[in-house]
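Under the numbering used here, the first residue of the sequence shown carries the number 372, and numbering increases by one thereafter.
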Amino acid sequence: MVNRIAFLPDPVRQVVNDRGRLDMLASLGALGALDGPSDEDFQRLSRTMAHIFGVEMALFTLIDSERQWFAGHVGVGETREALTETSFCAHMLALGGEDDTLVVLDAASESRFSDNPLVCGPPHIRFYAGAPVSVGGQKVGSVCALSATARSDMAPELREQLRDLGRLASSMLALKDEARVRARTAAALVREEWRHALTLEAGKVGSWVWDVRSGQLSCNDMFRRMHGLSESGVVLFDDVLAGIHPLDRPRVEAGIESSFREGMDYSAEARIDASDRWIAMRGRVYQRDPEGKPLVMMGASTDITESRQSAEHTKLLLRELNHRVKNTLAMIHSVARQTIRQNPDPQDFIEAFSGRLRAISDAHVLLADRDWSGVRLHEVIATQLDGGFGADPDRTEVHGENVMLPADHAVGLGLVLHELTTNAYRHGAWSGNEGTVRIDWTLERDPVPGLCLTWTESGGPAVEPPADYGLGTRLIERSLAKVLDSEVSLRFDPAGVMARVWMPLPADLH
């Protein structure tokens, strides 16, 4: 451990340990002057000082509370530091007034230095001339000339040169510190620009700065890609404007003119002509000349194609849903009226109507899960067969292409299948242990594209006349045929019920 200061008088020690001075010195540590390689500029200054004063030793030093670093040095060999407690320069730091240089002609004859180890031993200092080095109003070091040969006097012009060398060293150190701060600020700015660029890239935001007078546009790569511009080269605002869809260009120009004239933020949405993608543009005039004319406009562009498509899809979905709800309510109203006519008893009505309502609801759930874009026929069958489909495959056969059904078709066919399933469990093939149900369908193309589905029961009890089927029969044959604009027919063969459903299909689903 370095010993504490022992030779310095208290007034000198207080100056050396001043917190403001030490803080300034610590900030200069980033220059590399402390514990770093010698600075070539500091070396040149030290050589110049040795030449001017005709001495064998010259130093450019920085002084801490315990150590004195040699930032520049001549004539001291490999030595790069000394103890502050034996430093001549520490005494010089405590000097005040206009002349704060320190000149010692013969250290051996001065009481404050005569017993100093640097005088009594190597390098046997006798002559010393030093001036402070200041940064930010704080004396942080010194430049000094030293010799083992005492002198009787020193010319006044040398003392003036000593002060000039101190000022030159101070300016040099301050400039290096400013350069360090600028470099650090520039590095931080580069990092911030990269972070900003990455953020814009991740957010798919195209940024731009428009020099209104020259017409040139500074922009990031995302903006170039978004507007279909070349990857390099000068971008002119006229090029950007020319790339806007002709139908949208007047709106963009009007928005910019309004922003220039009224000082409001610019905002517009337009299509890119080459890609037909939608771009939202936002901007603001950030600089005007003394007459109020715009000089610089800055802004950002974002691709809103997906959001516009999503909004349009939502609008279409709501319109479609409104249509479906109306159709479904009409169907429910018809089913409710016919059910209550057949079942005047409230409990019987609730039981019968609940099953039919549940069939409609199941179809709606399937459609809602798919944004009402349609549902596959296999799913409708599986939902409505109450476990007969898949649970007991030996008693159910399903054959046909897995076709996609539109919403109206899925809801109506779901109710048809519910009625057929209910009747099969109560009166038909599934009322016993041996009967089976076969469901087949084919896609027809002529004369009208459509789906032909058949329901065939076999192995059940002998089929009675339609009286056994009652309301279910009428629902299948009448109400659903009207709602779906389909053809529904039932045949009551003794061997089992057979139903045939024909539904027209849109050409794109067929």
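The C-beta atom is built at its ideal place from N, Cα and C for all residues, glycine as well.
Note that the structure is predicted; figures quoted are calculated from it, not measured.
Beta-carbon gap between residue i and residue j smaller than 7 Å
i: Ala540; j: Leu416; result: yes
i: Ala833; j: Pro875; result: no
i: Pro665; j: Val583; result: yes
i: Gly507; j: Leu433; result: no
i: His749; j: Asn773; result: yes
i: Ala521; j: Asp486; result: no
i: Gly867; j: Glu828; result: yes
i: Arg620; j: Ala639; result: no
i: Met420; j: Leu536; result: yes
i: Trp649; j: Thr676; result: yes
i: Arg659; j: Asp636; result: no
i: Asp644; j: Gly604; result: no
i: His495; j: Ala519; result: yes
i: Val514; j: Phe431; result: yes
i: Thr472; j: Leu533; result: yes
i: Val386; j: Leu466; result: no
Length of the line joining the Cα atoms of residue i and residue j
i: Gly443; j: His598; result: 58 Å
i: Ile376; j: Glu456; result: With a pLDDT of 44 at Ile376, under the threshold of 50, the predicted position of this residue should be treated as unreliable, though the coordinate-derived value follows. Straight-line Cα distance between these residues: approximately 5 Å.
i: Tyr657; j: Ala559; result: 24 Å
i: Leu786; j: Ile721; result: 17 Å
i: Ser672; j: Ser398; result: 43 Å
i: Arg392; j: Gln509; result: 5 Å
i: Asp817; j: Leu824; result: 16 Å
i: Asp609; j: Ser678; result: 27 Å
i: Gly821; j: Glu683; result: 29 Å
i: Val769; j: Met869; result: 15 Å
i: Leu689; j: Val736; result: 16 Å
i: Gly761; j: Val746; result: Unreliable placement is indicated for Gly761, whose pLDDT of 46 sits below 50; no coordinate value is reported for it.
i: Asp592; j: His616; result: 21 Å
i: Asn374; j: Arg562; result: Residue placement at Asn374 is poorly supported in this model, since its pLDDT is 46, which falls under 50; the coordinates still yield a value, given next. Spanning the two alpha carbons is a distance of roughly 43 Å.
i: Phe424; j: Trp581; result: 60 Å
i: Asp524; j: Val475; result: 9 Å
i: Gly626; j: Arg632; result: 10 Å
i: Ile703; j: Arg871; result: 23 Å
i: Leu842; j: Leu687; result: Note on Leu842: pLDDT 48, under 50, position unreliable in the model; the coordinate value appears next. Straight-line Cα distance between these residues: approximately 37 Å.
i: Ser725; j: Thr792; result: 15 Å
i: Leu454; j: Arg555; result: 32 Å
i: Glu815; j: Ser857; result: 14 Å
i: Arg596; j: Ser578; result: 12 Å
Option in the options with minimal Cα separation from residue i
i: Ala324; options: His798, Ala734, Trp812, Arg809; result: Only positions 372 to 881 of the chain appear in this structure, which leaves residue 324 out of reach.
i: Gln680; options: Pro717, Gln587, Arg642; result: Arg642
i: Glu528; options: Arg562, Ile752, Ala500; result: Ala500
i: His462; options: Ala526, Glu481, Arg747; result: Glu481
i: Glu812; options: Gly830, Glu805, Trp873; result: This sequence places Trp at residue 812; Glu is not what is there. Nearest option by C-alpha distance: Trp873.
i: Val667; options: Ala651, Leu700, Val696, Ser630; result: Ser630
i: Ala479; options: Pro877, Leu379, Cys491; result: Cys491
i: Gly806; options: His789, Ala707, Asp765, Asp471; result: Asp765
i: Glu411; options: Lys547, Asp381, Asp471, Arg497; result: Lys547
i: Asn794; options: Phe863, Val819, Ser585; result: Phe863
i: Ala429; options: Phe498, Arg438, Pro488; result: Phe498
i: Arg775; options: Arg483, Leu396, Pro877; result: The sequence given here has Met at residue 775, not Arg. Selected option, being the one with the closest Cα: Pro877.
Helix, strand or coil at residue i according to DSSP, with G and I counted as helix
i: Phe484; result: coil
i: Ala781; result: helix
i: Val623; result: helix
i: Pro875; result: strand
i: Ile376; result: Reliability of the predicted coordinates at Ile376 is poor, the pLDDT of 44 falling under 50, and the value obtained from them is presented with this limitation in mind. If DSSP states are grouped into helix, strand and coil, Ile376 belongs with coil.
i: Leu618; result: coil
i: Thr472; result: coil
i: Val751; result: helix
i: Ala734; result: helix
i: Glu677; result: helix
i: Val696; result: helix
i: Ser629; result: helix
i: Ala453; result: strand
i: Ile810; result: strand
i: Leu517; result: strand
i: Asp381; result: helix
i: Ser417; result: helix
i: Leu822; result: strand
i: Ala645; result: coil
Closer than 6 Å: residue i CB and nearest the ligand GTP heavy atom
i: Glu662; result: You won't find the ligand GTP in this model; it holds no ligand whatsoever.
Residue i - partner residues in DSSP beta bridges
i: Pro665; result: Arg659
i: Phe863; result: Val868
i: Lys510; result: Ser505
i: Ala671; result: Ser578, Arg653
i: Ile434; result: Gln439
i: Cys590; result: Trp579
i: Val746; result: Leu776
i: His444; result: Leu430
Below-7 Å beta-carbon distance, residue i vs any chain B residue
i: Val445; result: Checking the listed chains, one finds no chain B in this structure; it contains a single protein chain.
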